[in-house]
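**Q** Each protein sequence line maps, in turn, to chains A and B.
Under our numbering, residue 456 is the last one in the first sequence; the count climbs by one each step, no gaps.
Under our numbering, residue 426 is the last one in the second sequence; the count climbs by one each step, no gaps.
One structure is given below, represented as structure tokens, and several questions about it will come after.
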Amino acid sequence: MPRTVLAAFRFQAALAWRTPDTLSVFVTAPLFTVVFLALSQFAGRTDLATHAVLAPCLMSLWAVALFLAGDLIGNERSWGTLEGLVATPVSFPLLVTARITTVTVLGLLTFAESWLVAAGLFGIVLDVAHPLVFGAGMLLSALAMAGTATSLSAVFVLTPSARTVQNTLSYPIYLLSGVMVPISFLPDWVQPLSRLVFLSWSGDLLRTSLDPAPTGNVLPELGAVALLGVAGYLLGAALTRRFVRRARELGNLSHT
Amino acid sequence: MNAVEIRGLTRTFPGKRKGAPPVRALREVDLAVPEGTVHGLLGPNGAGKTTLCRVLSTVLLPTAGTASVLGHDVVTATAAVKRSIGIVFGGDKGLYGRLNARQNLRFWAAMYGLSGRGLGSRVDRLLDRVGLTDRADHRVDTYSRGMKQRLHLARGLVADPRVLILDEPTSGMDPVAAHEFRDLVAGLRADGRTVLLTTHDMVEAEAVCDRVTLIDRGGVLASGEPATIGRLISHYERIEVDAMPEGLVDAVRAVPGVISTSTTGISTLIETENGAATAEVLGLLVAAGATSLRTGRPSLEEVYLRLVGGRGMVVG
Chain A
201 MPRTVLAAFR FQAALAWRTP DTLSVFVTAP LFTVVFLALS QFAGRTDLAT
251 HAVLAPCLMS LWAVALFLAG DLIGNERSWG TLEGLVATPV SFPLLVTARI
301 TTVTVLGLLT FAESWLVAAG LFGIVLDVAH PLVFGAGMLL SALAMAGTAT
351 SLSAVFVLTP SARTVQNTLS YPIYLLSGVM VPISFLPDWV QPLSRLVFLS
401 WSGDLLRTSL DPAPTGNVLP ELGAVALLGV AGYLLGAALT RRFVRRAREL
451 GNLSHT
Chain B
111 MNAVEIRGLT RTFPGKRKGA PPVRALREVD LAVPEGTVHG LLGPNGAGKT
161 TLCRVLSTVL LPTAGTASVL GHDVVTATAA VKRSIGIVFG GDKGLYGRLN
211 ARQNLRFWAA MYGLSGRGLG SRVDRLLDRV GLTDRADHRV DTYSRGMKQR
261 LHLARGLVAD PRVLILDEPT SGMDPVAAHE FRDLVAGLRA DGRTVLLTTH
311 DMVEAEAVCD RVTLIDRGGV LASGEPATIG RLISHYERIE VDAMPEGLVD
361 AVRAVPGVIS TSTTGISTLI ETENGAATAE VLGLLVAAGA TSLRTGRPSL
411 EEVYLRLVGG RGMVVG
């Protein structure tokens, strides 16, 4: 299994390199950083700098995974490679997740961009006060994103108007997960829903890791990110298997 | 042991429009392919050849009947089937055009569990075998159709499968490459591999197949060895002569054992029921100065045209 994952990683990285729109977040993340930092400075809320630098990274994670999840199976089908993949011994859901993980891990690099923008343009140098928590939070967030995106990938391919669903899943999630606006600013009845989105826990965890104050016990946050990510993967794997079974019945794994 | 065994295989697709009747792509097909042989599936477009290949490669479920590969059922033992077969669906699609040939093959090899040095050397050998070494690092979407077809072949061989399913493997190949393909198939047979291939090319089928099956409208019309399948449309030996000398027709018809003569354009076809009659007719023709003569049983192409040729360009 690790070899399959490694091969999928290498393959998806090569494909992403040849498909620049997959990695458009590397262009948008610095721009979002400028917008958020400028707004927080204008409002005199320099205490929100951590939010402003982390938000573009978490948004990029979601965007890059959503983009690939929405197109992955559809592209394979239109390239005529889906049948070949399903005919190989490898687990198809695992392959989908491994490929999405590739782009989410690459998406983490947008944090470096945001950090550099904050330091270079605004003179704000964020220290990673708790590197272990930060590293674990970043890695778990990327994996949880891949797990969640696996279920989205299956939903998209099973939904007739997938593109519409895909397009409506960006900004509502950014708001709901407290990435753009702190969850405490949201209406009371929305706040419990926020906790069902792993990004809300990821945001808390990463902000804690950048705060010089002692972290306290971060295991609940780490556990919540992991749990929601695994739940997303299991749901996605079940839905993907159902899609493959249905497509084998209907004979529409390919367009021919 | 049969590498491929099919019993009463039926596959029905739902009608494409609402209320349209279902389409039967395969109807109660029986087929057995012994291990280590090359078997050709011949038939016009829409005959059901590709559907059969898809069922065998587990990407399509049968509606009824059973199919197994090396004893593994394609429905209940898909994992074992997948490990045993290599597939070439062919055509312009089925490859990652934005990647190069080496990246494509490395990925597909990894999907079959290959890794490390074994993977690298296998990919290099295959690229060399299909003549793509010099273009291995070029993007596949810059390849000609024939080059893509070669890459498809390499992809099918990447896992060193015991059973290889080739759907129109030489489509788009130039004659030299197609000839090399025949050598490659002969090599696979010599290695003990089983090959099931679909083709429209009768010369190719006669050259590489141990047995062929003619299929049309989802059903099997005939099965047999290419050299003897001609008996399906004629039990007689035949002599074909161009520009038959005048006045010789009656003499030929008078030879004991001559069954019939017929003339189309400049070509005259004489059917005989035994070798002695054939020898006597040939003697007459040569003595009369005929120089363009052919003898033998009906070719595979004639059988094909006789059995399915009445459909013209109608598909399905």
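Think of the CB as a built atom: it goes at the ideal place given N, C-alpha and C, for glycine as much as any other residue.
Model, not experiment: these values are computed from the prediction.
(1) Would you say R203/A lies against chain B (beta-carbon separation less than 7 Å)?
(2) Determine the DSSP secondary structure at H149/B, reduced to helix, strand or coil.
(3) Could you tell me which of Q212/A, T408/A, T348/A, S400/A sits nearest to T430/A, measuring between CA atoms?
(4) On the DSSP letters alone, give me the boundaries of the beta strand (DSSP E) that L138/B sits inside.
(5) Can you list, in chain order, the residues of the segment 279 to 293 of chain A whose Cβ is nearer than 8 Å to any Cβ on chain B?
(6) Below 8 Å on the Cβ atoms is my guess for L306/B versus L136/B; work out the distance and round it to an integer in Å.
(7) In three-state DSSP terms, what is V235/A?
(8) Which residues, taken in chain order from the segment 205 to 228 of chain B, show a beta carbon closer than 8 Å to some beta carbon of chain A?
(9) Can you list, in chain order, the residues of its chain whose CB lies under 7 Å from that of Y433/A, leaving out five sequence neighbours each side?
(10) Quick one: is E449/A near chain B, going by C-beta distance under 7 Å?
(11) With 7 Å as the threshold, decide whether the Cβ of L352/A is near any Cβ in chain B.
(12) Would you verify that the beta carbon of L453/A is, or is not, closer than 7 Å to some beta carbon of chain B?
(13) Could you pull the start and end residues of the alpha helix (DSSP H) that E449/A belongs to?
(14) Let's test the definition: count the other Cβ atoms within 10 Å of the Cβ of N214/B and tell me whether it reaches 16, buried, or not, exposed.
(15) Do S178/B and I197/B have their C-beta atoms within less than 7 Å of each other?
(16) Check whether chain A comes within 7 Å of K192/B, counting only Cβ atoms and requiring the distance to be less than that.
(17) Which one of V268/B, R208/B, S370/B, V330/B has the shortest CA to CA distance from G284/A?
(18) Excluding the 5 residues flanking D202/B on each side, which residues of the same chain have their C-beta closer than 7 Å to its C-beta?
(19) So L170/B packs on R121/B, CB below 8 Å; how close in whole Å?
(20) Round the Cβ separation of M338/A and L308/A to the nearest angstrom and send it over; I've been treating them as touching at under 8 Å.
(21) Buried or exposed for D301/B, please, with buried defined as at least 16 other CB atoms from any protein chain shown within 10 angstroms of its CB.
(22) For D311/B and A312/A, what's the separation of their Cα atoms in angstroms?
(23) Out of curiosity, what's the CA-to-CA distance linking A387/B and R348/B?
(24) Using a beta-carbon distance below 7 Å, is T128/B in contact with chain A?
(25) Report the neighbours of L215/A on chain B: residues whose CB is nearer than 8 Å to its CB, in chain order.
(26) On the criterion of 16 or more Cβ atoms from any shown chain inside 10 Å, does G153/B qualify as buried, or is it exposed?
(27) Compare the C-beta of T186/B against all C-beta atoms of chain A and say whether one is closer than 7 Å.
(28) Strictly under 7 Å for the Cβ-Cβ distance: is G426/B near chain A by that measure?
(29) For chain A, check one thing: does any of its Cβ atoms lie closer than 7 Å to the Cβ of T168/B?
(30) Please name the residue or residues paired with E350/B in a DSSP beta bridge.
(31) Using 8 Å as the Cβ pair cut-off and three pairs as the minimum, do the segment 241 to 261 of chain A and the segment 271 to 283 of chain A touch?
(32) Curious, which full-length beta strand (DSSP E) runs of at least 3 residues does the segment 213 to 277 of chain B contain?
(33) With D326/B as the anchor, note down where its beta strand (DSSP E) starts and where it stops.
**A** Let me spell this out:
(1) For the purposes of this step, residue 203/A is taken as residue 3 along the first sequence, with counting starting at 1. Chain B, which has a Cβ nearer than 7 Å to the Cβ of R203/A, makes this yes.
(2) Taking the second sequence and counting its residues from 1, one reaches residue 149/B at position 39. If DSSP states are grouped into helix, strand and coil, H149/B belongs with the strands.
(3) By one-based count along the first sequence, residue 430/A stands at place 230. The amino acid occupying residue 430/A in the given sequence is Val; Thr does not appear at that position. Checking every option, the nearest Cα to that of V430/A belongs to T348/A.
(4) Walking along the second sequence from the start, residue 138/B turns up at place 28. Per the sequence shown, the amino acid found at residue 138/B is Glu instead of Leu. 133 to 144 is the extent of the beta strand (DSSP E) around E138/B.
(5) Listed in sequence order: W279, G280, T281, E283, G284, L285, V286, A287, T288, P289, V290.
(6) For this step, residue 306/B is matched to residue 196 along the second sequence. For this step, residue 136/B is matched to residue 26 along the second sequence. With a Cβ gap of about 14 Å, L306/B and L136/B do not count as contacting.
(7) Locating residue 235/A in the first sequence gives position 35, where the first residue counts as 1. V235/A: helix per DSSP, three-state reduction.
(8) Sequence-ordered contacts of the segment 205 to 228 of chain B with chain A read L205, Y206, G207, R208, L209, Q213, R216, F217, W218, A220, M221, Y222, G223, S225 [C-beta pairs closer than 8 Å].
(9) If you number the first sequence from 1, residue 433/A lands on position 233. Cβ neighbours of Y433/A beyond the five flanking positions: T297, G347, T350.
(10) Sequence index remark: in the first sequence, residue 449/A carries index 249 (1-based). Chain B contact via Cβ: present.
(11) The count along the first sequence starts at 1 and reaches residue 352/A at position 152. Contact with chain B is absent for L352/A, since none of that chain's Cβ atoms lies less than 7 Å from the residue's Cβ.
(12) In the first sequence, counting from the first residue as 1, residue 453/A sits at position 253. True, the Cβ-Cβ gap to chain B drops below 7 Å.
(13) Reading the first sequence from its first residue, position 249 is the one you call residue 449/A. First-last of the alpha helix (DSSP H) with E449/A: 419 to 450.
(14) Counted from its first residue, the second sequence places residue 214/B at position 104. Within a 10 Å sphere around the beta-carbon of N214/B sit 16 or more other beta-carbons, which makes this residue buried.
(15) One-based indexing of the second sequence puts residue 178/B at position 68. One-based indexing of the second sequence puts residue 197/B at position 87. The answer is no: Cβ separation not under 7 Å.
(16) Mapped onto the second sequence, residue 192/B falls at position 82. By this cut-off, K192/B is an interface position.
(17) Counting from 1 along the first sequence, the entry for residue 284/A is found at position 84. It is V268/B.
(18) Here residue 202/B refers to the residue found at position 92 of the second sequence. When the five nearest sequence neighbours on each side are left out, the beta carbons in the same chain lying within less than 7 Å of the beta carbon of D202/B are those of R255, K258, in order along the chain.
(19) For the purposes of this step, residue 170/B is identified with residue 60 of the second sequence, where counting begins at 1. For the purposes of this step, residue 121/B is identified with residue 11 of the second sequence, where counting begins at 1. With 8 Å as the limit, L170/B and R121/B qualify as a contact, their Cβ atoms being about 7 Å apart.
(20) Here residue 338/A refers to the residue found at position 138 when the first sequence is read from its first residue. Here residue 308/A refers to the residue found at position 108 when the first sequence is read from its first residue. Distance from M338/A to L308/A at the Cβ level is roughly 5 Å; contact confirmed, criterion being Cβ atoms closer than 8 Å.
(21) For the purposes of this step, residue 301/B is taken as the residue at position 191 of the second sequence. Taking every protein chain shown into account, the CB of D301/B has fewer than 16 other CB atoms within 10 angstroms, so this residue is exposed.
(22) Sequence index remark: in the second sequence, residue 311/B carries index 201 (1-based). Sequence index remark: in the first sequence, residue 312/A carries index 112 (1-based). The alpha-carbon atoms of D311/B and A312/A are separated by roughly 59 Å.
(23) As a working note, residue 387/B is residue 277 in the second sequence. As a working note, residue 348/B is residue 238 in the second sequence. Near 10 Å, if we compare the C-alpha coordinates of R348/B and A387/B.
(24) Translated into positions along the second sequence, residue 128/B becomes position 18. Here residue 128/B turns out to be Lys, not Thr, going by the sequence shown. Against chain A, the CB of K128/B has no partner CB under 7 Å away; the residue lies outside that interface.
(25) For the purposes of this step, residue 215/A is identified with residue 15 of the first sequence, where counting begins at 1. Within chain B, the C-beta atoms nearer than 8 Å to that of L215/A come from Y206, R208, L209, in chain order.
(26) Stepping through the second sequence from its first residue, residue 153/B is reached at position 43. Only buried fits G153/B, as 16 or more other CB atoms lie within 10 angstroms of its CB.
(27) Indexing the second sequence from 1 puts residue 186/B at position 76. So no, T186/B is outside the interface.
(28) Translated into the one-based positions of the second sequence, residue 426/B becomes position 316. With a pLDDT of only 48 at G426/B, under 50, the local geometry of the prediction cannot be trusted, and no value is derived from it.
(29) Stepping through the second sequence from its first residue, residue 168/B is reached at position 58. For T168/B, the answer is yes, since a Cβ of chain A falls inside 7 Å of its Cβ.
(30) Looking up residue 350/B in the second sequence gives position 240. Note: E350/B sits in a beta bridge opposite L379/B, R404/B.
(31) The segment 241 to 261 of chain A makes no contact with the segment 271 to 283 of chain A: fewer than 3 CB pairs, one atom from each, lie closer than 8 Å.
(32) Taking only runs of at least 3 residues, the beta strand (DSSP E) segments lying wholly in the segment 213 to 277 of chain B are 273 to 277.
(33) Residue numbering aside, residue 326/B sits at position 216 when the second sequence is read from its first letter. The continuous beta strand (DSSP E) containing D326/B extends over residues 321 to 326.
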